[in-house]
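Residue numbers (the working numbering): 1 to 188.
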Amino acid sequence: MTSARARLRAWARHWKSHLGTLALFIAAMLAVQAWQTRHVAGGPLPAAALDTPVPVLAADGTVTHSTLGLELAALQRAHPGRNVGLYIWAEWCPICKTVQGTVNGITQDHPVLTVAMQSGPPEAVARYLRPRGLAWHTVVDPRSQVSGALGFGAVPAFAVVTPDGQLRWPTVGLSSSWGLRLRLWLAR
């Protein structure tokens, strides 16, 4: 019994000694996220991002021409009162390939609009998505006009668009499923 208490006390001392390291790690991660998203247009979505004409690849593979604003409005009409995830990715991005399963899982129970940044024309984006089983509704942004107007210069990026059109909780880089879902839930 005494040895069990001694081990427990030793573990507690050992665990407490790492709290400072953990706090430093979390602070560094938050600082990196703040720096990576420093140009992201929080608040109302900028007109330059909303009104730029772009090709849009529907989940069924059809291509139309629209704007980010019209596509977000259609998703918001289809899912009234719900936040919409905005996922910016590129076919050449290795981290995007790592996150695509996470994003695909989120699309099963949350409205998500994806933006293919610098990934070629709609046909090239479709050739990338189809064999991976990704039926994403995708704004094709070959020259980064939409993502640049939003302030995203790196991928993968994720943000939440609230029902009233506010951009909230942007993140760049590797993200977890629970982290993205938490952002969708918090942006009320």
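For glycine and all other residues, C-beta sits at the position ideal for the given N, C-alpha and C.
Buried or exposed for residue i, going by 16 or more other Cβ atoms inside 10 Å?
i      : result
Glu71  : buried
Phe189 : For residue 189 there is no data in the structure shown, the boundaries of the chain being 1 and 188.
Asp190 : There is no way to answer for residue 190, as the model of the chain reaches only from 1 to 188.
Leu129 : buried
Leu50  : buried
Val258 : The displayed coordinates of the chain run from 1 to 188. Any statement about residue 258 would go beyond what the structure contains.
Val32  : exposed
Leu184 : buried
Gln76  : buried
Ser175 : buried
Rounded to whole angstroms, how far is the Cβ of residue i from the Cβ of residue j, which I believe are closer than 8 angstroms?
i      : j      : result
Ala73  : Thr64  : About 14 angstroms separates the two Cβ atoms, so there is no contact after all.
Ala159 : Leu86  : 5 angstroms
Ser147 : Val115 : 6 angstroms
Gln36  : Gly173 : 7 angstroms
Rank the options by C-alpha distance to the C-alpha of residue i and give the top, closest one.
i      : options                           : result
Arg168 : Thr102, Ser177, Val99 and Asn83   : Asn83
Pro170 : Ala135, Leu182 and Pro80          : Leu182
Pro53  : Ala149, Gln166, Pro156 and Thr162 : Ala149
Ala48  : Leu68, Leu30 and Met29            : Leu68
Val161 : Gln100, Arg9, Gly81 and Met29     : Gly81
Gln145 : Arg127, Ser119 and Arg7           : Ser119
Gly165 : Ala41, Gly101 and Ala157          : Ala41
Pro111 : Ala28, His137 and Pro121          : His137
Is DSSP giving residue i helix, strand or coil here?
i      : result
Leu57  : strand
Thr98  : helix
Gly165 : coil
His14  : helix
Phe25  : helix
Gly153 : coil
Ala74  : helix
Val40  : coil
Trp89  : strand
Leu113 : strand
Pro170 : strand
Ala147 : In the sequence as displayed, the identity of residue 147 is Ser instead of Ala. The answer is helix: DSSP assigns Ser147 an H, G or I state.
Thr62  : coil
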